[in-house]
Amino acid sequence: MDQELQRNLIETRYFRGLSTPFSFSFTRLASSFNLQQNQSFDDDYGYSRPIVVLDVLWNLAFVLVSCFVLLTTIGEKPSTPLRLWIGGYALQCLLHVGFIWIEFQRRNFDDFDGVSPFSLFHSSIMKRLESVNTVISSIWWVFGFYWIVMGGQALLQDSPRLYWLSVVFLAFDVFFMIFCIAMACVVFFALFCFFPFIATVAYVMRLGDGASENDIKTLPKYRYGQSNTSDNLVNMKTAEDHLLSQFNRIDSVHELALQPDDSECCICLYKYVDGVELCVLPCNHHFHHGCISKWLRINATCPLCKFNILRGDTLV
């Protein structure tokens, strides 16, 4: 049962984050970004004290402005129910403040390991009610926009203060919606435009860990040739002997015969063909000469055992 309630809380929180643009909720905006970063459910910085205080003050400011305008415009007679719309808008902001404050108190009790008066079931109900409030605020915004458009110039002449207050509320909602979309686009383009640049810089920075061309040239090279299975062990032993005797001889290229299940380059994953040039590292692992040369320029260790050809040791 607790797992089901926890799942409902997470689903409700995600739905609430999607509806952020139509309400003035800084905690929702921060929580939606926090959810995308895969942080834990309880460590939500969207409900930190500065964010909650800013969110509460912001919504209370809209409530106070709405009450002031409604009380001072009793004589105005709008042709559309703007007074009802502003009152409903203020009520939604006030409900949102209550939901945010209750959630903030619950998280404070959890953080200090106190006896929380809010059960998981009640928290789930509160979050669902806040989600319903968010959906209603979105629909309410559409009604306000429709009444403003339908009223036209008559509203501006008969009830200018109610008209401009409604326009300001609608404009703030649109601004927050555009801001959220713009931030999402900025993050999207930043990841796809700057990630290749960052990867290139990281590649260049790692070049210093690779081997030099002289170090790569000193590695013994062989020509791969197919042979009978009975001769493979002898040929492999010969290759190991050449590894010690020909380590500093660059021009000497011997033929290397390997067992069929060991005749594959682990870098490109291609089988060796007759006559291809192989390179054997001091750890006795063999690769295509071209493949291992590119690898060693970036990282001077064996791809299989992490043997460092410069220091002569194995990385653990």
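Numbering (the UniProt record's numbering) for the sequence shown: 1 to 316. Backbone N, C-alpha and C define an ideal beta-carbon position, used for all residues, glycine too. What you are looking at is a predicted structure, and each value in this text was computed from that prediction instead of being measured.
DSSP state of residue i mapped onto helix, strand, coil
{"i": "T200", "result": "helix"}
{"i": "C302", "result": "coil"}
{"i": "T229", "result": "Unreliable placement is indicated for T229, whose pLDDT of 47 sits below 50; the coordinate value is still reported in the next sentence. Three-state result, T229: helix."}
{"i": "N284", "result": "coil"}
{"i": "R311", "result": "coil"}
{"i": "F194", "result": "helix"}
{"i": "C291", "result": "helix"}
{"i": "L296", "result": "helix"}
{"i": "L258", "result": "coil"}
{"i": "R7", "result": "Because the pLDDT of R7 is 44, which lies under 50, any placement of that residue in the model is unreliable, and the question is left without a value."}
{"i": "E103", "result": "helix"}
{"i": "L219", "result": "coil"}
{"i": "E76", "result": "coil"}
{"i": "G278", "result": "Reading off the sequence shown, one finds Leu at residue 278, where the question assumed Gly. If DSSP states are grouped into helix, strand and coil, L278 belongs with the strands."}
{"i": "Y146", "result": "helix"}
{"i": "Y272", "result": "coil"}
Nearest residue (CA-CA) to residue i, options the options
{"i": "S138", "options": "Y89, E255, V52 and K217", "result": "Y89"}
{"i": "L258", "options": "Q226, L269 and V135", "result": "Q226"}
{"i": "R297", "options": "F175, K217, P260 and V149", "result": "K217"}
{"i": "E130", "options": "D158, V69, F99 and Y146", "result": "F99"}
{"i": "P81", "options": "P303, W147 and V201", "result": "W147"}
{"i": "N214", "options": "A300, V174, V63 and F197", "result": "A300"}
{"i": "P220", "options": "A202, H254 and S212", "result": "H254"}
{"i": "N108", "options": "R49, V186, I136 and Q153", "result": "R49"}
{"i": "T73", "options": "G312, V187, W164 and G210", "result": "W164"}
{"i": "P160", "options": "R83, I51 and V186", "result": "R83"}
{"i": "V168", "options": "Q153, F145, A190 and I198", "result": "F145"}
{"i": "G312", "options": "A211, G87, P260 and A184", "result": "A211"}
{"i": "Y224", "options": "I136, P260, L64 and N133", "result": "P260"}
{"i": "W140", "options": "G87, A190 and M126", "result": "G87"}
{"i": "T134", "options": "G151, S166 and V97", "result": "V97"}
{"i": "F62", "options": "S166, R128, W295 and A184", "result": "S166"}
Short Cβ contact (8 angstroms threshold) for residue i with residue j
{"i": "L155", "j": "S66", "result": "no"}
{"i": "Y222", "j": "L269", "result": "no"}
{"i": "H288", "j": "V276", "result": "yes"}
{"i": "F143", "j": "W101", "result": "no"}
{"i": "D173", "j": "E76", "result": "no"}
{"i": "V187", "j": "F104", "result": "no"}
Nearest-angstrom Cβ-Cβ length linking residue i and residue j, presumed shorter than 8 angstroms
{"i": "V69", "j": "L170", "result": "Rounded, the Cβ-Cβ distance is 15 angstroms, inconsistent with contact."}
Distance cut-off 7 angstroms: residue i Cβ against heavy atoms of the ligand SAM
{"i": "T301", "result": "Ligands displayed in this structure: none; no statement on the ligand SAM is therefore possible."}
Short CB-CB distance (under 8 angstroms) between residue i and chain C
{"i": "S263", "result": "In the structure shown, chain C does not exist; there is a single protein chain."}
The stretch 53 to 66 touching the stretch 81 to 101, judged by at least three CB pairs closer than 8 angstroms: Output reads yes: the stretch 81 to 101 touches the stretch 53 to 66.
Three CB pairs or more closer than 8 angstroms across the stretch 176 to 189 and the stretch 262 to 277: Segments in contact, no.
Cβ pair count under 8 angstroms reaching 3, the stretch 271 to 282 against the stretch 294 to 311: Segments in contact, yes.
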